[in-house]
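Heads up, the thing below is written out as structure tokens.
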Amino acid sequence: MPKGRFILTWDDRIDTKDLSELLQSSSSDGQPIELLVLSACRTAVGDKRAALGLAGVAVRAGARSTLASLWYVSDEATARLMSRFYRELASTASSTEQMAVAKTEITKAEALRAAQASVLQDERFAHPFYWGAFVLVGNWL
312 MPKGRFILTW DDRIDTKDLS ELLQSSSSDG QPIELLVLSA CRTAVGDKRA ALGLAGVAVR
372 AGARSTLASL WYVSDEATAR LMSRFYRELA STASSTEQMA VAKTEITKAE ALRAAQASVL
432 QDERFAHPFY WGAFVLVGNW L
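Adding 311 to a residue's 1-based position in the sequence shown gives its number in our numbering.
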């Protein structure tokens, strides 16, 4: 990773080495991170040491999946996208037949697709620059 790559917390910085150690300890405790969201700019951009940037480091260290961005992102569009993504994950998809029996959770990939489709409905954010930067690395289900 290029020097200076880090995650900023409310009181500290977590560099790539620390991130890897945190995720490995979580995974070794039998509680791997199911989904790590890195919504900042270029969190899926790396170099020859880590091809998928912080997202790749996270998955290699034990996170089951990571949502990350490939380019600089708009704060407003990203806030809308992430809000919708989380709503989609929290909701359930149900068909008429399933309604009486059980509800089925949607996958992370389906939640991301639905969030992207929602954001591009706003004329201001219709260009792929605003909604297309985000990719899932790891388990999409």
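All residues carry an ideal CB built from backbone N, CA and C; glycine is no exception.
Grab me the residues of A422's own chain with a C-beta within less than 7 Å of its C-beta, minus the 5 sequence neighbours each way, in chain order.
F396, E399 and L400
Are the CB atoms of A426 and L381 within a distance shorter than 7 Å?
no
Can you give the Cα-Cα distance for R324 and A351, rounded to whole angstroms?
14 Å
Can you tell me whether DSSP reads T354 as helix, strand or coil?
coil
Is the Cβ-Cβ distance between V448 and T377 less than 7 Å?
yes
Between K253 and L452, how many whole angstroms is the CB-CB distance? I'm expecting something under 8 Å.
Here the chain has residues from 312 to 452 only, and residue 253 is not among them.
Under a Cβ-count criterion, where at least 16 other Cβ atoms within 10 Å of its own Cβ denotes burial, should D433 be classed as buried or exposed?
exposed
Can you tell me which of E387, L319 and R435 puts its alpha carbon nearest to the alpha carbon of L365?
L319
Determine the direct distance from the alpha carbon of A379 to that of R435, and round the result to whole angstroms.
22 Å
By DSSP's criteria, S380 is part of a beta bridge. Which residues make up the other side?
F445
Alpha carbon to alpha carbon, how far is Y307 from V430?
The chain is shown from 312 up to 452; residue 307 falls before or after that span and cannot be answered.
Leaving out the 5 sequence neighbours to the left and right, which residues in its chain are closer than 7 Å to A437 when beta-carbon positions are compared?
L431
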